[in-house]
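Everything below concerns the one structure shown next.
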Amino acid sequence: MSDIQGTFLSELKVNIDSGDLMKAKALLAEFADHSDGVRHWILRQLLEAPSAVAIPLLAHLIRGFPQLLVGDLHAGTVLENHLRRETLDLSRALTTQSHDEKLITLSHLHQVTGLAFVDVIQKELPGNRDLSGKLAMIESLAAVPNREAIAVLEPCLAQNHPVLREAAQRALRDMGTEASLDRLCDALGRDSRSDEQVHLHLRHALDRMSVENLNRLLDSKRAELRVGAKDRLRARGDREVLTALFRNLRRQDRPDLQVHTLNLLGEIGAGDALGPIRELLYADPTDPNVRFAAYEAIANLPFKSQAHALAAGLEDADESVRVAALRAIDRHLDERLLEGIRNILSTYTKETLQLMRLLIASDCDNLFGQLIADPIFRRFATSFLATKAHPETRTRFLELLRQRGETDLVAAIRPQARETETGPLVFVVDDSPVILGIYRRYLHELGIRLKVFDRAAKMLDAMRDLTPDLIFTDLNMPETTGIELARTVREQQGPDRLPMVLVTTQDEEADHRDASQAGINKIILKPFSADMLQKVIEELCS
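Mapping of the sequence shown onto the working numbering: residues 515 to 1056, in sequence order.
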């Protein structure tokens, strides 16, 4: 050993024995330049040193020389030896370390303690007065994605200190499990800045998820997670996604999952989804929302054969399902379907009148154009468009008739047209055009003034110039949720100024709780009726 090495080792030992961490760290900066024998001697000295001194020096060494973590005796094994000691004072050992060194120490503690790591952190965290130490402990829990670690992080979400609060959010994000993200959603609603941060974390976590895990989230009890998963699965839309979605359709025990899956398949528009959707309908699902979503999806699928199978939807007991089936028929109209509709309309019955009313109110342009020459339909359409149709529907079909040269029919309709909407102004936002059409028809018949929107952003833009008396919002929409929309409206309009109603197929306790906290006044479930809407409007707009 040279004189220089001897002086180095003597000085280092003095600093270790005296606990002078600053000088010891300065000497250890030359650690890698020495021989294996010298490095081994240094590690022996640290093994025998008090833990309060050895732990920060070893973490410092590991941080500076990760390539030296090899062999039977290295900095990591020595550090873990100290961390196993019953006399360990973790908080004290962490106090003198940098943030990165704290994380290294806690990582090795996790290796030593295993499942007991969460218990150690739970014990140490509350009494630790070192902000950096608390921060490192919170961040270290990201490596333990179990319910116990989530439970320790949960109270941290309510911390007044923003650094600790956001550290807990990041830890839950990095766990990346449904349970951790569900708890992260609990942090929403604090304020707009915090909500924005939480949404960034959610997006980050969802962007890293596999198709399998995203598909699981379609069945989540939290709207934010369902919508986020749907957005990412829709964006991929590949064979792996479709395979997972087709499996979902066989889950008769999970109708909500089937509804979300059908919505996605319709939005993706893959033609080979028709077979699995038809199999679902053949199984005769009891939930009308599933049947509705199936026909709505079919309307968006490209196919050219076996469209006649859609006619079965016209006999469904639920009106909204019949409307969705009509829209699908209109989209895929062929000679067999058209002949079937003509046969139904050949006799003037109560069911015939109902079908014609739904056909026109649902904006079925193709069917209207093919049927307008039939005497029964022509008489009904003239009367309905003149006296009962929504103004937008009337305008739509008058233009179609003009294009077809039906000037006499246009003249017969226009003189009788009258507006009857004098009630409160209602805004409706829903991404389903079929549902928006049902709202439009029901509320028009009730004399309610109405504006409909297929995206929440469009409604918020409209509210810059016009404030409604009531808002109906869907829960699960692309890019956002009805709950998040409610938070935005409350922030802009005030907490009690504008009544809001959440309309959903989903009857989840978590959604109800989040909706109430966001300022939703009432929740109604799909399928809804005109009577249900009337009661809600009378209750909230009186």
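For every residue, glycine included, the Cβ atom is placed at its ideal position computed from N, Cα and C. Just so we're clear, the structure is a prediction, and the values are computed from it rather than from any experiment.
What would DSSP say about residue i, mapped onto helix, strand or coil?
i       : result
Phe882  : helix
Leu847  : coil
Lys1036 : strand
Thr1002 : helix
Thr994  : strand
Asp975  : helix
Lys735  : coil
Cys1055 : coil
Asp1028 : helix
Asp531  : helix
His958  : helix
Ser524  : helix
Lys902  : coil
Arg558  : helix
Gly1008 : coil
Ala838  : helix
Leu912  : helix
Leu824  : helix
Leu980  : coil
Glu1089 : Any property of residue 1089 remains undetermined from this structure, which presents the chain solely from 515 to 1056.
Tyr862  : coil
Phe891  : helix
Ala925  : helix
Gly551  : helix
Glu1064 : This structure cannot settle anything about residue 1064, because the visible part of the chain is limited to 515 through 1056.
Gly919  : coil
Taking Cβ positions, are residue i and residue j nearer each other than 8 angstroms?
i       : j       : result
Pro802  : Asp832  : yes
Asp614  : Arg577  : yes
Ile1090 : Leu526  : Examination of residue 1090 is not possible in this model, given that the chain is present from 515 through 1056 alone.
Leu732  : Asn762  : yes
Gly996  : Leu1012 : no
Gln683  : Leu702  : no
Ala887  : Ala842  : no
Asp988  : Cys1055 : no
Arg916  : Gly883  : no
Leu794  : Ala784  : no
Gln611  : Thr619  : yes
Asp745  : Glu544  : no
Glu638  : Ser605  : yes
Asp879  : Asp844  : yes
Ala656  : Ala685  : yes
Gly780  : Leu815  : yes
Val737  : Asp1025 : Val is not the amino acid found at residue 737; the sequence shown has Ala there. Yes, they are a contact pair.
Val632  : Ala681  : no
Lys1040 : Thr1019 : yes
Tyr956  : Leu828  : no
Leu778  : Arg748  : yes
Ala903  : Ile949  : no
His1087 : Arg753  : Since the first residue shown for the chain is 515 and the last is 1056, residue 1087 is missing from the structure and cannot be characterised.
Ala838  : Phe817  : no
Ser724  : Glu692  : no
Can you check DSSP and say which residues form a bridge with residue i?
i      : result
Asp988 : Val1017
Phe941 : Lys965 and Ile985
Within 7 angstroms: the Cβ of residue i and any heavy atom of the ligand FMN?
i      : result
Ala887 : Summarising the ligand content, the structure contains no ligands, and the ligand FMN is consequently not present.
Taking three-plus beta-carbon pairs below 8 angstroms as touching, is the segment 998-1016 in contact with the segment 1024-1041? Flag = yes, the segment 998-1016 and the segment 1024-1041 touch.
Identify every run of the alpha helix (DSSP H) within the segment 764-814, keeping only runs that are complete inside it and at least 4 residues long; order them along the chain. You should have 769-782, 788-796 and 802-813.
For a minimum of 4 consecutive residues, which ranges assigned as the alpha helix (DSSP H) are wholly contained in the segment 564-632? Runs of the alpha helix (DSSP H) inside the segment 564-632: 565-578, 589-597, 604-609 and 613-627.
Spell out a yes or no on whether the segment 884-902 and the segment 919-927 are touching, meaning 3 or more CB-CB pairs, one atom from each, closer than 8 angstroms. At 8 angstroms Cβ cutoff, the stretches touch.
Can we say the segment 593-607 touches the segment 558-570, given the rule of at least three CB pairs closer than 8 angstroms? In short, these stretches touch, since the Cβ pair count reaches three.
With three or more beta-carbon pairs closer than 8 angstroms as the criterion, would you say the segment 970-980 touches the segment 715-730? In the pairwise beta carbon analysis, the segment 970-980 is classified as not touching the segment 715-730: fewer than three pairs are separated by under 8 angstroms.
Meets three-Cβ-pair contact criterion under 8 angstroms: the segment 937-945 and the segment 875-889: Touching, no, given that fewer than three Cβ pairs across the two stretches are closer than 8 angstroms.
Start-end ranges of the alpha helix (DSSP H) lying completely within the segment 679-762, minimum 4 residues: Counting only runs that start and end inside the segment 679-762, the alpha helix (DSSP H) elements of at least 4 residues fall at 692-699, 706-721, 725-731, 737-750 and 753-762.
Any contact between the segment 978-992 and the segment 852-871? By contact I mean 3 or more CB pairs, one from each, below 8 angstroms. With the cut-off at 8 angstroms, the segment 978-992 and the segment 852-871 do not touch.
What beta strand (DSSP E) runs, 3 residues minimum, are completely inside the segment 629-675? The DSSP assignment places no complete run of the beta strand (DSSP E) inside the segment 629-675 (cut-off: 3 residues).
Please confirm if the segment 855-866 is in contact with the segment 897-911, defined as three or more CB-CB distances below 8 angstroms between the two stretches. Because the criterion of three Cβ pairs below 8 angstroms is not met, the segment 855-866 and the segment 897-911 do not touch.
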